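Chemist: In our numbering, the protein residues as written are 11 to 271. Even glycine gets a Cβ: it sits at the ideal position worked out from N, Cα and C. Model, not experiment: these values are computed from the prediction. One structure, as structure tokens, below. Some questions next.
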Amino acid sequence: MKTVYNESQYSKKAIINKKIESQNGKTLAILCKYYYFGKSKTKKEVLKLLSNFIDESGGSYDKRLLPDLLEKYTSEKEQLLDIQSVKITLAEMATIMSREDVNEQKVLYAMLVAYKCKNERCRISGMEQFLDNCKVSENFGEYFKDAKVRLGKMERGALLRNLEKDGLIWVDNDVKKTITLKYVDLEEDGVAIELKYFHDIWVDFEIYRGERYKRCECCGNAIKLVKTKQGGTPKKYCSTECQKHDKNEKNKRYYHTQSRI
Ligand SMILES: [Zn+2]
Numbered sequence: 011m012k013t014v015y016n017e018s019q020y021s022k023k024a025i026i027n028k029k030i031e032s033q034n035g036k037t038l039a040i041l042c043k044y045y046y047f048g049k050s051k052t053k054k055e056v057l058k059l060l061s062n063f064i065d066e067s068g069g070s071y072d073k074r075l076l077p078d079l080l081e082k083y084t085s086e087k088e089q090l091l092d093i094q095s096v097k098i099t100l101a102e103m104a105t106i107m108s109r110e111d112v113n114e115q116k117v118l119y120a121m122l123v124a125y126k127c128k129n130e131r132c133r134i135s136g137m138e139q140f141l142d143n144c145k146v147s148e149n150f151g152e153y154f155k156d157a158k159v160r161l162g163k164m165e166r167g168a169l170l171r172n173l174e175k176d177g178l179i180w181v182d183n184d185v186k187k188t189i190t191l192k193y194v195d196l197e198e199d200g201v202a203i204e205l206k207y208f209h210d211i212w213v214d215f216e217i218y219r220g221e222r223y224k225r226c227e228c229c230g231n232a233i234k235l236v237k238t239k240q241g242g243t244p245k246k247y248c249s250t251e252c253q254k255h256d257k258n259e260k261n262k263r264y265y266h267t268q269s270r271i
């Protein structure tokens with residue numbers, strides 16, 4: 011499972027879709043922090059909510075492990091990691107779009123987003139030693155996947171060598187296995203794309219390129235816009251679950267304000 015850069019967003023999606031990611035309890039660990047730090051639930055309430063979540067999502071997690079998980083992820087040194095936004099600058103997009111090959115554009119974009127998310131995470135968690143170093147890990151496969159670029163192994167290698175030859179990246183094949191991005195705009199002058207969701211990052215790039223996409227107003231999932239006959243309004247939500255969830259949230263807010271009047 012990949013790094014989760016906004017744990018509230020991730021939790022909301024997991025709760026709506028009743029989806030448990032894997033058996034190692036990572037979903038539960040993030041949900042635990044979300045309920046405890048984000049929603050100010052008591053430890054007892056969190057335990058109950060996690061237990062219900064396991065039942066609803068059909069997870070195979072051993073509930074006897076929950077008390078230990080609860081103690082670990084509600085400790086003082088834990089925090090809810092919520093990156094609010096990541097900005098790609100005009101200069102960065104100009105470099106990216108100057109590549110003729112659209113696959114190169116997409117991979118450069120995905121690596122840059124991965125770097126900026128990592129940088130924000132370091133800033134929030136106080137890991138200053140890794141700040142602003144323009145390096146990402148050598149997860150080539152992930153960047154191609156994030157960018158939705160489907161190429162064979164040989165073609166991928168050729169694409170990366172091309173980028174390296176033109177001085178856009180530098181691949182360190184030493185022990186550390188990192189890629190240095192040479193097109194990061196450290197001045198951060200002028201914003202071309204501001205990302206607010208950290209899954210399906212290719213959507214923001216497609217929108218920038220003028221493709222007809224938008225994000226679900228509840229969970230941020232990609233929605234492909236189809237041309238409708240006159241006056242059709244585009245869908246707001248990716249699923250009926252999201253529609254229901256947002257309606258419930260709005261009702262809750264409405265009753266909350268009514269009760270205070
Ligand atoms: Zn949705």
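1. Would DSSP call Tyr223 helix, strand or coil?
2. When you measure from the CB of Tyr207 to every non-hydrogen atom of ligand 1, does any distance come out below 7 Å?
3. Hey, would you say the C-beta of Ser249 is under 7 Å away from at least one heavy atom of ligand 1?
4. Below 8 Å on the Cβ atoms is my guess for Ala157 versus Val201; work out the distance and round it to an integer in Å.
5. Closer than 6 Å by C-beta to Ala101: which residues in its own chain qualify, once you throw out the five before and the five after it? Chain order, please.
6. Enumerate, from N- to C-terminal direction, the unbroken beta strand (DSSP E) stretches of 3 or more residues contained entirely within the region 29-109.
7. Quick one: residues in its chain with C-beta nearer than 7 Å to the C-beta of Asn129, no 5 flanking neighbours on either side, listed in chain order?
8. With DSSP as the reference, identify every bridge partner of Asn16, one or two as the case may be.
9. Whether or not the region 85-95 and the region 16-25 are in contact is what I'm after, with contact meaning three or more pairs of Cβ atoms, one per stretch, closer than 8 Å; do they touch?
10. Taking 6 Å as the limit between beta carbons, can you name the residues of its chain near Ala124, skipping five residues before and five after?
11. Classify Lys43: buried if its beta carbon has 16 or more other beta carbons within 10 angstroms, exposed otherwise.
12. Taking Lys186 as the reference, which of Glu148, Thr52 and Glu31 has the closest Cα?
13. By DSSP's criteria, Glu204 is part of a beta bridge. Which residues make up the other side?
14. Using the Cβ count rule (16 or more neighbours within 10 Å means buried), how would you classify Met137?
Modeler: In this structure, then:
1. strand
2. no
3. At least one heavy atom of ligand 1 lies closer than 7 Å to the C-beta of Ser249.
4. Cβ atoms of Ala157 and Val201 stay farther apart than 8 Å, at about 20 Å.
5. Asp195
6. 96-99
7. Leu141 and Asp142
8. Per DSSP, Asp92.
9. yes
10. When the five nearest sequence neighbours on each side are left out, the beta carbons in the same chain lying within less than 6 Å of the beta carbon of Ala124 are those of Val146, in order along the chain.
11. buried
12. Glu148
13. Lys97
14. By the neighbour-count definition (other C-beta atoms within 10 Å, threshold 16), Met137 is an exposed residue.
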